[in-house]
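Keeping their order, the protein sequence lines are chains A and B. In case it helps, the working numbering puts the first sequence at residues 1338 to 1505. In case it helps, the working numbering puts the second sequence at residues 11 to 492. Every residue, glycine too, gets a C-beta built ideally from N, C-alpha and C. Since we're looking at a predicted model, the values are computed, not measured. Notes for the one structure printed next.
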Amino acid sequence: MRAWWFPAALCVVILANGLLAFRYVRELGPMATYRITARSDDSLAAAVPARPAAFGTMIRQLLAIQSSLGGAVLMVPTDLSLNATSLQLFARLEIQQERRAPIDPGVADELEAESDPAHLLLAGRRLYVARDLRPPWTAPLHLIEAHGSPRLFVVSGARLDRLGGSVR
Amino acid sequence: MTEAVLHALLFGLGLTYTLPASRETGLPFAVAAAYPVGLLLWVVAMLASLVAPVSLFPAALTVGLALLAGVGLARTLSTLRQTRGGALGRLAAGCAGFLLAAILFSELNLAVLTVDSFTYIGAGRSLATFADPSALAGVLTNVGVFQVLVQSASIPIGVPYLHAASPLLAVSGIACFVVLGRRGRLALGDAPDPGRGPWRETAIVVLAAVAMASPYFMVAQALYVHTNYAAAIYLLLACATFWLAEVEDRDAWLPFAFAFLVAFSLQRLELPVYGALFAAIACAETSRQSRWLRWGPWLFALVIVPWYAYLSTLSSEETRLLAWDRALFVMTGVAALPVVAHLVRSGVARHLRPWLAPCAVGLPLAAVVASVAFVPERMEKTFSGLVSHFIHPAWGVTWLAILLLGIATLRARPIPLGRLFSHGGAASLCLIALTGAARAGGYHGGLTDSGNRMLTHLVPVAFFFFAVSLGRARAGHEPSSR
């Protein structure tokens, strides 16, 4: 004699998970909100790693993606202060990127309300430095969800800070 | 397409190690596990070559891969010579299936990326370019090395990052779930009636695999460039192969079990402790006498301890997670595994053997209770974070199902080595709570929170346990008490 309740229970679990997943994605949006579009691939490939800092590579890659997406806002949640070298580096990279799209003022307002950011003027564009955003890390991600924009990319300011003097 | 070729090569590399064992472990396992094994071999080759002087890096990697492939190929060729036509046809069909999946996932970029993903991608690319781990001290002491080294393969083939690695590992893992679960149910004595195929056992295991993979968060993580789905798959493979060695009375599964345990432990910095606990439970609970059970824990420690000793030298002010004291804790835990395994199996502590699994749960549980007493605020945040994880809509009804099916296993006929799943899972839950207590802010309860992602590790193991424990014939073969 075999128990049939177990396969039946598994079918119920599958059905319920499927329905709840459908509802979750419809109400809150898929995790793929954070997906990088295929267009960014070429830019990533073009980003050559710079010795010795992998963080530099990462920043360059992110900036390259930004560029390919038509000038997105780069938001830097940081728990450390940015030093002068980091900012100079950042400014230099920003200049190289030829920004086009304007910054969404809604995002800026919400950022200010959320995290008391310091606004820095770099190469004619504002860089949003949201301090003490961690924890929770999800705050900037919620902003992305709220604005439905895949154009925001988040970099840990702690990582950016370590760029100081180490990227050529 | 370039990425598909890389994955096909890794699959082929893995196949040269799974195929020679297929006379005992079966052809379906050889094909299903080839990609996870191939990825692990790549990671091991990269890790070994990074230890060599920087100037030797590309040559050391090439020689390492050539040696690995050469050894595997020599054994595979002799296996293939003895393989009959029908089996060759099934092997070719399995390879073609993987190739199709590799092309599909390489052409369709379904990758989900967050900030963490960029850490793995950037660090991996930097390592493959400059072969200088010391320049990445801030990364390697904060994240596990496995995914970093997987992503390092993007440099030799000239693609930005590997977006198909995660889904291919997920597909291989689900295939392994079905193959190993079906073998397990049949080995437990649920053989089909004469003249009828084992369709029912297959159907139950397939249903369990689909139920395991069906929550939204599991689907998203199968596409996510991150560590947790991979950790879950490797933990499942390690536990399932340990368990099959017991129920099938076959040593051939054990080298795979320890290899998968190493792969699991390299995914995240804290996972060697989890891996050591699972291995300790397996070694204490099994009734087998095998040289692999004697030497496996030593091999596990020989990979993990030197790597953590090296990581402890990289510890600096940039280190958030693996400061030297924590590295020392992990090394001590892992180094204790072979000693404890030896003592409880054949040494002076033989009489303590039945108590090891309860202790594996009891000690972390006591640490959780102590944490509640000493850092109540952190534990309050951790518990509230964990509760919100369990009821997060992205998990669907998964955790409710695990709770109810877990209760049902208490009434079911016990399976051999069942404590590996039940006690290993319970110990992991306690360790996840302790990991939260070690973080200044505890768990915050968000979808991509570390605690929520770590719960993923337990889902395939739990559903595999249910798949082989529940819905079995009420009469028939009775397993041994262990």
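(message) Please identify the residue among B:A219, B:A175 and B:L196 whose C-alpha is closest to the C-alpha of B:I184.
(response) B:A219
(message) Considering only DSSP beta bridges, list what B:S234 is partnered with.
(response) The displayed chain sequence assigns Tyr, not Ser, to residue 234 of chain B. Partner(s): B:V122.
(request) Keeping to the same chain, check which residues put their C-beta closer than 6 Å to that of B:T93; ignore five residues upstream and five downstream. (result) Excluding residues within five positions, none has a Cβ falling inside 6 Å.
(message) Just to confirm my understanding: we take B:A58, look at its own chain, exclude 5 residues before and 5 after, and list those with CB closer than 7 Å. What are they?
(response) G74
(message) So for B:G154, helix, strand or coil by DSSP?
(response) Note: B:G154 maps to coil in three-state DSSP.
(message) Check whether chain A comes within 8 Å of B:A218, counting only Cβ atoms and requiring the distance to be less than that.
(response) yes
(message) Is the separation between the beta-carbon of B:A248 and that of B:F288 shorter than 8 Å?
(response) Contact flag set, yes.
(message) Does B:L51 come out as helix, strand or coil in the three-state DSSP assignment?
(response) B:L51: helix per DSSP, three-state reduction.
(request) Whole angstroms is fine: what's the gap from B:S325's alpha carbon to B:D335's? (result) 10 Å
(message) Against chain A, with Cβ distances strictly below 8 Å, would B:I417 count as a contact?
(response) no
(request) Identify the continuous alpha helix (DSSP H) that holds B:S398 and give its terminal residues. (result) That run of the alpha helix (DSSP H) goes P386 to F400.
(request) Name, please, each residue of chain A whose Cβ falls closer than 8 Å to the Cβ of B:S224. (result) Residues of chain A passing the Cβ test: V1350, I1351, N1354, G1355 and A1358.
(message) Contact criterion: CB-CB distance below 8 Å. Does B:G428 meet it with respect to chain A?
(response) Output row for B:G428: interface = no.
(message) Tell me the residue span of the alpha helix (DSSP H) that contains B:R85.
(response) F67 to R91
(message) If you measure between the beta carbons of B:T392 and B:F475, is that distance less than 8 Å?
(response) It is not a contact, given that the beta carbons lie outside the stated cut-off.
(request) Leaving out five residues on either side along the sequence, give the residues of the same chain with a beta carbon under 8 Å from the beta carbon of B:H236. (result) Cβ neighbours of B:H236 beyond the five flanking positions: T124, D126, S127, Y130, Q157, S176 and R463.
(message) Taking its Cβ as the centre, do 16 or more other Cβ atoms sit within 10 Å of B:A337, making it buried, or is it exposed?
(response) buried
(message) Which same chain residues end up closer than 7 Å to B:N238 when comparing Cβ atoms and leaving out the 5 residues on each side of it in sequence?
(response) Q231, R463, M464, T466 and H467
(message) When you compare the CB of A:A1382 with every CB in chain B, is at least one pair closer than 8 Å?
(response) Legend: pLDDT at A:A1382 = 32, less than 50; position of this residue unreliable, value from coordinates given subsequently. Judged by the 8 Å Cβ criterion, A:A1382 is in contact with chain B.
(message) Using a Cβ-Cβ cutoff of less than 6 Å, which residues in the same chain neighbour B:A267 once the five nearest sequence positions on both sides are dropped?
(response) A248, T251 and F252
(request) For B:P204, name the three-state secondary structure that DSSP assigns. (result) Low per-residue confidence applies at B:P204: pLDDT is 49, beneath 50, and the placement is therefore not dependable, though the value from the model is reported in the following sentence. Correct three-state label for B:P204: coil.
(request) Hey, could you find the ends of the alpha helix (DSSP H) B:M11 is sitting in? (result) Where B:M11 is concerned, there is no enclosing alpha helix (DSSP H), given that its DSSP letter is neither H nor E.
(message) Short of 8 Å in beta carbon distance, which residues of its chain neighbour B:G435, apart from the five on each side in sequence? Order them along the chain.
(response) Excluding its 5 nearest sequence neighbours in each direction, B:G435 has C-beta neighbours in its own chain below 8 Å: L468, V471, A472 and F475, listed in chain order.
(request) Kindly list, in the order they appear in chain A, the residues whose Cβ is closer than 9 Å to that of B:I214. (result) F1343, P1344 and L1347
(request) Give a yes or no on contact between the stretch 36-45 of chain B and the stretch 100-108 of chain B, applying the rule of three or more CB pairs nearer than 8 Å. (result) yes
(request) Using a Cβ-Cβ cut-off of less than 9 Å, list which residues of the stretch 143-162 of chain B approach chain A; keep chain order. (result) S144, A145, L146, G148 and V149
(request) Quick one: measure Cβ to Cβ for B:F274 and B:L281, integer angstroms, because I've assumed they're closer than 8 Å. (result) 6 Å
(request) Determine whether the Cβ of B:L179 lies closer than 8 Å to any Cβ atom of chain A. (result) No, because no Cβ of chain A sits closer than 8 Å to the Cβ of B:L179.
(message) Tell me the rounded alpha-carbon separation between B:L264 and B:E34.
(response) 12 Å
(message) Between the alpha carbons of A:C1348 and B:A70, how many angstroms are there, rounded?
(response) Roughly 51 Å separates the two Cα atoms.
(request) Would you give the residue range spanned by the alpha helix (DSSP H) that B:R421 belongs to? (result) Per DSSP, B:R421 belongs to the alpha helix (DSSP H) from T408 to R421.
(request) Compare the C-beta of B:P204 against all C-beta atoms of chain A and say whether one is closer than 8 Å. (result) Model confidence at B:P204 stands at a pLDDT of 49, short of 50, so the residue's coordinates are unreliable and nothing is read from them.
(request) May I ask you to report which of helix, strand or coil DSSP gives A:A1340? (result) coil
(message) Contact criterion: CB-CB distance below 8 Å. Does B:G406 meet it with respect to chain A?
(response) yes
(request) Check whether the Cβ of B:L83 lies closer than 8 Å to any Cβ atom in chain A. (result) So no, B:L83 is outside the interface.
(request) Taking C-beta pairs closer than 8 Å, name the residues in chain A that B:G481 reaches, listed in chain order. (result) Simply R1339, A1340, W1341, W1342, F1343 and P1344.
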